[in-house]
Amino acid sequence: HNALTGVRHEGISRVRPEDIESYRKKRRRSLEERLESVRAGREDRDKFGSSKNRKEKKGGTTNTEKLKNKDLMMVMNKKKRRRKQLSMREKQLKKKKKSQY
867 HNALTGVRHE
877 GISRVRPEDI
887 ESYRKKRRRS
897 LEERLESVRA
907 GREDRDKFGS
917 SKNRKEKKGG
927 TTNTEKLKNK
937 DLMMVMNKKK
947 RRRKQLSMRE
957 KQLKKKKKSQ
967 Y
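880 is the number that my numbering gives to position 14 of the sequence shown; each next residue is one higher, with no gaps.
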């Protein structure tokens with residue numbers, strides 16, 4: 867069977883429409899059809915979204931969360947000062963810990 871001619875060796879056959887048709891663009895769905903598919907997708911699913919508005923968490927933010935929102939240069943300077951304050955023993959331990967990896 868030859869796909870271009872649609873002719874078989876033993877006899878003549880018809881050309882299939884899939885062989886000669888090209889890609890057909892889907893027509894635009896109406897608003898009702900689109901909303902219907904959205905509603906169908908919403909069934910049997912849990913709620914998504916940000917947890918900011920939920921009242922599950924008690925208390926304030928942790929220190930690590932606060933550092934994420936803080937200005938970067940403030941945090942860098944704080945770490946630099948902290949490094950200077952380390953005792954000689956703490957510096958040696960920190961250096962030893964880095965060299966292990």
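The C-beta atom is built at its ideal place from N, Cα and C for all residues, glycine as well.
| Spatial distance of residue 908 from residue 891 (CA atoms) | As a working note, residue 908 is residue 42 in the sequence shown. As a working note, residue 891 is residue 25 in the sequence shown. Cα to Cα, residue 908 sits roughly 27 Å from residue 891.
| field | Residues near residue 889 in its chain [Cβ-Cβ closer than 6 Å; skip 5 each side] | value | For this step, residue 889 is matched to residue 23 along the sequence shown. Sequence-distant partners of residue 889 (beyond 5 residues in either direction) whose C-beta falls short of 6 Å from its own C-beta are missing from its chain.
| Rounded straight-line distance, which links the Cα of residue 899 to that of residue 893 | For the purposes of this step, residue 893 is taken as the residue at position 27 of the sequence shown. For the purposes of this step, residue 899 is taken as the residue at position 33 of the sequence shown. In this model, residue 893 and residue 899 are separated by some 12 Å (Cα to Cα).
| query | For residue 941 versus residue 952, is the C-beta distance shorter than 8 Å? | reply | One-based indexing of the sequence shown puts residue 941 at position 75. One-based indexing of the sequence shown puts residue 952 at position 86. In this structure, the beta-carbon distance from residue 941 to residue 952 does not fall below 8 Å.
| message | Spatial neighbours of residue 965 within its chain, please: C-beta separation below 7 Å, excluding the five flanking residues on both sides. | response | What you label residue 965 is simply residue 99 of the sequence shown in a count that begins at 1. Same-chain partners within the cutoff: there are none.
| From residue 931 to residue 910, what does the alpha carbon distance come to, in whole angstroms? | Walking along the sequence shown from the start, residue 931 turns up at place 65. Walking along the sequence shown from the start, residue 910 turns up at place 44. Per the coordinates, the alpha-carbon of residue 931 lies some 33 Å from the alpha-carbon of residue 910.
| query | Using a Cβ-Cβ distance under 8 Å, would residue 966 count as near chain D? | reply | Given the protein chain composition of this structure (a single chain), no chain D is represented.
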